[in-house]
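Residue numbers (this note's numbering), protein chains in the order written: chain A, 1 to 235; chain C, 236 to 470. Every residue gets a Cβ at the ideal spot worked out from N, C-alpha and C, and that includes glycine. Below is one structure, written out as structure tokens; the observations come after it.
Number of protein chains: 2
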Amino acid sequence: MKTGKLYLIPVKLGLEGRISDIPQHTIDVAIELKSFFVEREKSARAALKEFGLKTSQSDIELFDIGKHGQQQGFDEQLMRCFSGEDLGLLSEAGAPAVADPGSRVVSEAQAMGVEVVPLVGPSSILMALMASGMNGQNFAFQGYVPIQKNERRSFLKRLQSFIERDDQTQILIETPYRVQNLLEELSSHLSPKIQVCLAMNLGLPNEKIEKRSAADWKGEKLREKKPLAVFVIGH
Amino acid sequence: MKTGKLYLIPVKLGLEGRISDIPQHTIDVAIELKSFFVEREKSARAALKEFGLKTSQSDIELFDIGKHGQQQGFDEQLMRCFSGEDLGLLSEAGAPAVADPGSRVVSEAQAMGVEVVPLVGPSSILMALMASGMNGQNFAFQGYVPIQKNERRSFLKRLQSFIERDDQTQILIETPYRVQNLLEELSSHLSPKIQVCLAMNLGLPNEKIEKRSAADWKGEKLREKKPLAVFVIGH
């Protein structure tokens, strides 16, 4: 009997994204599966429905890997691969195991000897980097900015040193309601000439990408108050 | 008249890749275009042919942005956007402006006020990261390893310090004929417990992903002598 595999399945970047941004091969693989590791059940079901899953929603099994639960690991579910079942891993948006808790499932699978297959699809981090026009030969994704005010400031200063010392492009994400706030902090704490590219709602109907120097962002009020945002900063 | 845009168009990761890894929306946009910035004319023509370009090959225009030429910039070609023409930017493999010279075209476009639109498609860097099971909340792409022996060693030691200090996953690429060599260096210069994931020929029929500790890679001889390879190292 063939051992099952763990397929890593990217999904749209938001509800209003285009299904035609998901490659046919990714859909072809996903619709054959019956069991999925997911971050949120509701959005996973919506994504799978749009893919055109062959199994009815009542017969699929979803394993919640949400941020707060599951300290005990996923070996029980992953064991199914040794009975020949293929499993899927979905992100809430974009590519699984990048900027989400999915990497734990992948590393457990590998530790058990389960083969992992990454599939193609949208990633707002990659798309923001492409669209920034900044150094794509050396870049770092730094995740979310810390919440505490003093920590934020020293975090941003540290990123600036990577840009200045290594010409390493820095990528950040921020929760929608703090985007305006982060933009103000970037414009006041970074050197005036550092470039800041703000990629908003990528892959969605209201996609907007804007790039200016830190100095030129000063005083800017975003029209959209809570965009999905990726910040790319560099030269 | 509407101003034209610059579309960033990912392509397959190799000749033998699946066209079904390219999303329909990406193809729909690309086949309408007539002029493209490309890294290598031959591979660009093959990619566009497979997309099913609407314009005949003899009527399309390709602008070479290859590694060695073009110090003079791309403003002349980009000016066409102000006559209403949309332009494309293709990579040789994967996503343009990531680990290739395309970012110069993007940044010039932005400086001129041309809107840039990133499209969805394969990226071996992102797929290798997904498949590594390592920290996807903090990662850096470090490009190619330096060629000089001493520089290589201190470069690898430096990457190890980012892993140990910040739990920052490190991503590297290496030219195919030096992959075996780099694997040996990683296994002897890194701390024995550091994990090394070698993702070979991603998206191609002979895709192979293998992850072991630096110590466990020792003495390994790769079956394939010149794979397309992405290395991911971390915890």
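Output needed for residue i: all residues of its chain with C-beta closer than 7 angstroms, excluding positions within five of it in sequence on either side, in chain order.
| i | result |
| --- | --- |
| Lys443 (chain C) | Met435 and Asn436 |
| Ala279 (chain C) | Phe271, Val273, Leu297 and Leu325 |
| Phe374 (chain C) | Leu364, Gln403, Thr404 and Ile406 |
| Ile330 (chain C) | The residue asked about is misnamed: residue 330 (chain C) is Ala in this sequence, not Ile. Taken in chain order, the residues that qualify are Pro245, Gly356 and Ser358. |
| Ile163 (chain A) | Gln170, Ile194, Ile233, Gly234 and His235 |
I need the boundaries of the beta strand (DSSP E) containing residue i, first residue and last residue.
| i | result |
| --- | --- |
| Met200 (chain A) | Gln195 to Met200 |
| Leu268 (chain C) | It is not in any beta strand (DSSP E) - Leu268 (chain C) carries neither H nor E in the DSSP assignment. |
| Phe309 (chain C) | No beta strand (DSSP E) contains Phe309 (chain C), which DSSP labels as neither H nor E. |
| Leu407 (chain C) | Thr404 to Glu409 |
| Val116 (chain A) | Val116 to Pro118 |
| Leu471 (chain C) | There is no way to answer for residue 471 (chain C), as the model of chain C reaches only from 236 to 470. |
| Val98 (chain A) | Counting along the chain, Val98 (chain A) falls outside any beta strand (DSSP E), and DSSP gives it neither H nor E. |
| Gly121 (chain A) | That residue, Gly121 (chain A), is in no beta strand (DSSP E); it is neither H nor E in DSSP. |
| Gly234 (chain A) | Ala229 to Gly234 |
Can you tell me where the alpha helix (DSSP H) with residue i in it begins and where it stops?
| i | result |
| --- | --- |
| Ser154 (chain A) | Lys149 to Asp166 |
| Leu48 (chain A) | Glu41 to Phe51 |
So for residue i, helix, strand or coil by DSSP?
| i | result |
| --- | --- |
| Glu343 (chain C) | helix |
| Glu296 (chain C) | strand |
| Gln372 (chain C) | coil |
| Ser213 (chain A) | strand |
| Lys443 (chain C) | strand |
| Ile22 (chain A) | coil |
| Ala328 (chain C) | coil |
| Val264 (chain C) | helix |
| Leu248 (chain C) | coil |
| Val380 (chain C) | coil |
| Leu418 (chain C) | helix |
| Leu425 (chain C) | coil |
| Leu8 (chain A) | strand |
To the nearest angstrom, how far is it from the Cα of residue i to the Cα of residue j?
| i | j | result |
| --- | --- | --- |
| Arg104 (chain A) | His470 (chain C) | 11 angstroms |
| Pro411 (chain C) | Ile147 (chain A) | 43 angstroms |
| Glu16 (chain A) | Thr169 (chain A) | 29 angstroms |
| Glu92 (chain A) | Pro23 (chain A) | 17 angstroms |
| Ile468 (chain C) | Gly88 (chain A) | 24 angstroms |
| Gly378 (chain C) | Leu198 (chain A) | 24 angstroms |
| Arg152 (chain A) | Leu222 (chain A) | 21 angstroms |
| Arg178 (chain A) | Ala99 (chain A) | 18 angstroms |
| Gly249 (chain C) | Lys149 (chain A) | 46 angstroms |
| Asn370 (chain C) | Ile125 (chain A) | 15 angstroms |
| Phe74 (chain A) | Pro427 (chain C) | 26 angstroms |
| Ile408 (chain C) | Ile65 (chain A) | 31 angstroms |
| Gly211 (chain C) | Val465 (chain C) | A question about residue 211 (chain C) goes unanswered here, because the residues of chain C that appear run from 236 up to 470. |
| Pro462 (chain C) | Leu439 (chain C) | 11 angstroms |
| Val341 (chain C) | Glu320 (chain C) | 16 angstroms |
| Ala109 (chain A) | Lys446 (chain C) | 11 angstroms |
| Val264 (chain C) | Ser422 (chain C) | 44 angstroms |
| Ala332 (chain C) | His25 (chain A) | 24 angstroms |
| Ile254 (chain C) | Ala131 (chain A) | 23 angstroms |
| Ile295 (chain C) | Lys49 (chain A) | 40 angstroms |
| Asp21 (chain A) | Arg315 (chain C) | 27 angstroms |
| Met362 (chain C) | Lys277 (chain C) | 25 angstroms |
| Ser389 (chain C) | Phe141 (chain A) | 23 angstroms |
| Ile266 (chain C) | Lys247 (chain C) | 15 angstroms |
| Asp216 (chain A) | His189 (chain A) | 13 angstroms |
| Ala145 (chain A) | Lys2 (chain A) | Contrary to the premise, residue 145 (chain A) reads as Val rather than Ala in this sequence. Val145 (chain A) and Lys2 (chain A): Cα-Cα distance of roughly 44 angstroms. |
| Leu241 (chain C) | Ser448 (chain C) | 43 angstroms |
| Ser396 (chain C) | Arg275 (chain C) | 37 angstroms |
| Asp401 (chain C) | Glu459 (chain C) | 33 angstroms |
| Gln72 (chain A) | Asn441 (chain C) | 35 angstroms |
| Gln292 (chain C) | Gly133 (chain A) | 28 angstroms |
| Gln137 (chain A) | Glu76 (chain A) | 40 angstroms |
| Leu8 (chain A) | Leu243 (chain C) | 24 angstroms |
Whose C-beta lies closer than 6 angstroms to the C-beta of residue i among residues of the same chain, with five residues either side of it excluded?
| i | result |
| --- | --- |
| Leu159 (chain A) | Gln170 |
| Ala46 (chain A) | none |
| Met112 (chain A) | Leu78 |
| Ile27 (chain A) | Phe51 |
| Lys483 (chain C) | A query on residue 483 (chain C) cannot be resolved here, the shown segment of chain C reaching from 236 to 470 and no further. |
Please return the same chain residues whose Cβ sits closer than 8 angstroms to the Cβ of residue i, not counting the five positions on each side in sequence.
| i | result |
| --- | --- |
| Val431 (chain C) | Leu418, Leu421, Ser422, Leu425, Lys446, Arg447, Ser448, Ala449, Trp452, Phe466, Val467 and Ile468 |
| Ser318 (chain C) | Met236 and Gly239 |
| Lys392 (chain C) | His424 |
- [ ] Count the CB pairs spanning the region 350 to 370 of chain C and the region 287 to 294 of chain C that are closer than 8 angstroms, and state whether there are at least three.
- [x] No, because fewer than three Cβ pairs between the region 350 to 370 of chain C and the region 287 to 294 of chain C fall closer than 8 angstroms, the two stretches do not touch.
Task: Meets three-Cβ-pair contact criterion under 8 angstroms: the region 183 to 190 of chain A and the region 213 to 222 of chain A - done: In short, these stretches touch, since the Cβ pair count reaches three.
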